Amino acid sequence: MATETGKRGPHVEGDNKEFSISERLARTTAPAQLDDPVQRRKWGLPGVDEPDHTGSYVIELNVQNAGGLPGAENAFLTLYDEVVEQRRTPAQDRRSRKDPRDHPPLRIAKSYYKCMLRDHEWKALVRMDESRPVRERAIYRLWPDFPVNTLTTRSVATIKGDAALRSFNASGESIVWAVVDSGVDASHKHFGRPGNTGRHTLYAPEVANLHRCFADISEERAGLMVALPPLEDPDAGAGMDADARDKLVAQHRSWALRDDYGHGTHVAGVIAGQAPRPEDGDTVFALEREFRVNEDGKKARRNFVQREYTDHEPRPTGVAPMCKLISLRVLDENGKGRASQVIQALEYIRDHINDNPKLMRVHGVNLSVGYEFDPEMFACGQSPLCTAVDRLVQQGVVVVTAAGNTGYGTNAADVGASKMGLSNSINDPGNAAAAITVGSTHRDAPHTYGVSYFSSKGPTGDGRLKPDLVAPGERITSCAAGHKLREAIAGSGIEASADTTFYVDDSGTSMAAPHVSGAIAAFLSIRREFIGKPLEVKRIFLESATPLGRDRYFEGHGLVDLMRAIQLI
-16 MATETGKRGP HVEGDNKEFS ISERLARTTA PAQLDDPVQR RKWGLPGVDE PDHTGSYVIE
44 LNVQNAGGLP GAENAFLTLY DEVVEQRRTP AQDRRSRKDP RDHPPLRIAK SYYKCMLRDH
104 EWKALVRMDE SRPVRERAIY RLWPDFPVNT LTTRSVATIK GDAALRSFNA SGESIVWAVV
164 DSGVDASHKH FGRPGNTGRH TLYAPEVANL HRCFADISEE RAGLMVALPP LEDPDAGAGM
224 DADARDKLVA QHRSWALRDD YGHGTHVAGV IAGQAPRPED GDTVFALERE FRVNEDGKKA
284 RRNFVQREYT DHEPRPTGVA PMCKLISLRV LDENGKGRAS QVIQALEYIR DHINDNPKLM
344 RVHGVNLSVG YEFDPEMFAC GQSPLCTAVD RLVQQGVVVV TAAGNTGYGT NAADVGASKM
404 GLSNSINDPG NAAAAITVGS THRDAPHTYG VSYFSSKGPT GDGRLKPDLV APGERITSCA
464 AGHKLREAIA GSGIEASADT TFYVDDSGTS MAAPHVSGAI AAFLSIRREF IGKPLEVKRI
524 FLESATPLGR DRYFEGHGLV DLMRAIQLI
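At position 17 of the sequence shown the residue is numbered 0 (the numbering used here), and the sequence of numbers has no breaks.
And the structure:
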């Protein structure tokens, strides 16, 4: 039986006329799926009828090269110049110069380059490289640059965050977490007021100059969105003029602390910050989705219902309200990005922020972005993105990832289609062995309702237990910004004003992961001896989780429990 994408019914082993298992597992530099038109569309690559259009690829260098990694790097750049650069026609050169995103090979990590290549160009690169002995080859593997997508009031109590704050003052003080997402809207008052930078979640001195934008950016001109060139890297070289670097840092901060889509701001609000207090004079609204059946009883329409917080009820708060956040923007205004951009963000933390082993400036990372894992393409947990996650954990940083929202689909058997839960559906980078991978459960009644139907389920493609934990991910109330705020306001009919702060509910494992990020930030703020020991932290949270009585490949070790984690030590 197969899922909808496969369209295969029951079969006898070996009846596949296209590839035998041996052929599927054979070592290849470029995956066979790059010739599949359906997969190419899924990965955002040009069709076979678009020979002059470039697609985004990631080149993994061959570390078995006789010259080691430097030798492979030099060989690849020479090969690229000979096979691609020198063979491009004048028309192709003009097209490349007009597109600000069509750039030369970009080094995104020590052994990875991002390249914009036409179909015949990557094939020529691979063909030429494979003609050499293995010890002379530059390329180990060519990967599609996978598109990555976006995968709290009562929910904080569900994981006992409020109890930990009252009993142990586990507030996240002096802990810094990176949010790799669509940006964070720093103007939202949940993160503080602009004039009070010392206590601001995003503008505090320890994080103010660390925000970076790796996403594709664009701006509106004459009613049209126009693509802009990638921002220059302020960390590229030691010889950069100080004033020039300050200007670049300010540009990155400006783009990273805006969120036209709204996903990153919602995620960030679950981790840290808190709503304005009644004495601040702000009106706080929660805009909550609801579906109403039309008068004919046949069709439900969605709208948003506004709910104003009174002065006497708890207002939204992050799990670790005093934690400071760094925005590393990897998604554009439509919530789309590439795996290479996420890798760049992780390498930035590894090589530039936490470059001094005696001074850890970022303690954890939240990744509520990812893409579906294809077990026929590569070994589970060994993709460039999963490798980058594991490398960062080895350096001492906790990495929390969303399991994905692909745990439910259509089974297309010969006897008829039916909807069902899907095992082996953990998304990358959730397949990374060292990551803490989080599935979703109900926001305030997890023991009753169990694991969310959409939450991706284990085991991993190579048989490991995932997810590791579950946390609230259904109808989570957090900061509203960008597209999500505009959609909610339009659906509610409310008018926005300067003294109004908006929150909106959203669902997904994207909302579950930041509950765990916030819980760990709160834990580290009072159990500081575990800073820099992410595998120990993972063990503590897995051992202290509360089982929900569901299958282990649905719930992992159970519901994250901050109080039990603190008391386990």
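Just so it is clear, CB atoms sit at the ideal spot from N, CA and C, and this is done for glycine as well. These numbers come from a predicted model, not from an experiment.
Nearest residue (CA-CA) to residue i, options the options
i	options	result
Asp294	Phe268, Cys306 and Glu273	Phe268
Tyr436	Pro29, Asp411 and Leu405	Leu405
Gly501	Arg120, Cys306 and Val520	Cys306
Gln550	Val543, Ser527 and Ala255	Ser527
Ala505	Ile254, Gly444 and Ala479	Ile254
Arg70	Glu43, Leu100 and Ser94	Leu100
Leu542	Tyr432, Thr484, Phe197 and Glu215	Tyr432
Pro34	Glu104, Ile509 and Glu43	Glu104
Glu296	Ile158, Tyr40, Ala328 and Arg260	Arg260
His430	His335, Leu468, Gly532 and Lys516	Gly532
Val232	Arg241, His249, Leu214 and Asn339	Leu214
Tyr186	Gly256, Ala221 and His425	Gly256
Arg333	Phe361, Thr370, Lys319 and Leu507	Thr370
Pro455	Pro442, Ser438, His36 and Ala471	Ser438
Gly476	Asn317, Asn286, Asp488 and Ala417	Asn286
Ile158	Arg535, Pro304 and Asp411	Pro304
Glu457	Ala161, Asp534 and His498	His498
Asn414	His425, Val381 and Lys449	Lys449
Ala107	Pro88, Glu65 and Arg90	Glu65
Tyr486	Ala463, Leu518 and Gly54	Ala463
Met494	Asp445, Glu56, Ala386 and Ala471	Ala386
Residue i, enclosing beta strand (DSSP E) - first and last residue
i	result
Arg204	Ser201 to Arg204
Ile459	Ile459 to Cys462
Ser553	With the chain covering -16 to 552 only, the question about residue 553 has no answer from this structure.
Tyr40	Gly38 to Leu44
Val250	Unbroken run through Val250 is the alpha helix (DSSP H), His246 to Ile254; no beta strand (DSSP E).
Val131	Pro130 to Thr133
Buried or exposed (CB count within 10 angstroms, at least 16 for buried), residue i
i	result
Ile552	exposed
Arg511	exposed
Val372	buried
Lys341	exposed
Glu324	The sequence given here places Gln at residue 324; Glu does not occur at that position. Gln324 is buried by the Cβ-count criterion.
Val190	buried
Asp544	buried
Met208	exposed
Ser237	exposed
Asp224	exposed
Pro20	exposed
Leu211	exposed
Arg374	buried
Thr184	buried
Glu291	exposed
Arg603	Residue 603 is absent from the structure shown; the chain starts at -16 and stops at 552.
Glu1	Any answer about Glu1 is weak, because its pLDDT of 48 lies below 50 and its placement is not dependable; what the coordinates show is given next. Exposed.
Glu113	exposed
Thr266	exposed
Residue interval of the alpha helix (DSSP H) (run including residue i)
i	result
Val487	Premise fails: Val487 lies in the beta strand (DSSP E), Thr483 to Asp489, not in any alpha helix (DSSP H).
Ala219	Premise fails: Ala219 is in no alpha helix (DSSP H) and is neither H nor E.
Val21	Pro20 to Lys25
Leu207	From DSSP, Leu207 is part of no alpha helix (DSSP H) but of the beta strand (DSSP E) over Leu207 to Ala210.
Ser164	Correcting the residue type first, residue 164 is Asp in the shown sequence and not Ser. Per DSSP, Asp164 belongs to no alpha helix (DSSP H); it is in the beta strand (DSSP E), Val159 to Asp164.
Val66	Gly51 to Val66
Gly474	Gly465 to Ser475
Val325	Ala322 to Tyr331
Arg149	Gly144 to Phe151
Supposed contact pair residue j and residue i - C-beta distance, whole angstroms, cut 8 Å
i	j	result
Ile459	Tyr95	With 8 Å as the limit, Ile459 and Tyr95 do not qualify as a contact, their Cβ atoms being about 34 Å apart.
Thr483	Asn388	Not quite, the Cβ-Cβ distance comes to about 31 Å (not below 8 Å), so this is no contact.
Val383	Val421	6 Å
Gly318	Ser165	6 Å
Tyr354	Ala322	7 Å
Leu468	Pro412	So it is not a contact: roughly 28 Å between Cβ atoms.
Gly539	Val453	6 Å
Asn337	Gln378	6 Å
Ala198	Arg312	5 Å
Thr12	Arg124	6 Å
Ile142	Asn45	Wrong, their Cβ atoms sit about 45 Å apart, outside the cutoff.
Ile409	Lys521	The pair is not a contact, with the Cβ atoms about 16 Å apart (cut-off 8 Å).
Gly144	Val302	4 Å
C-beta neighbour in chain C for residue i, strict 8 Å
i	result
Val302	Note that chain C does not occur in the displayed structure, where there is just one protein chain.
Entirely enclosed alpha helix (DSSP H) segments - the region 86 to 127, minimum 4 residues: 102 to 113
Which runs of the beta strand (DSSP E) at least 3 residues long sit entirely within the region 399 to 454? Give them in chain order. Here the runs fully enclosed are 399 to 404 and 419 to 424.
In chain order, each alpha helix (DSSP H) run of at least 4 residues that lies wholly inside the region 339 to 403: 367 to 377
Just to confirm the assignment: which complete beta strand (DSSP E) runs, minimum length 3, are found wholly within the region 481 to 548? 483 to 489
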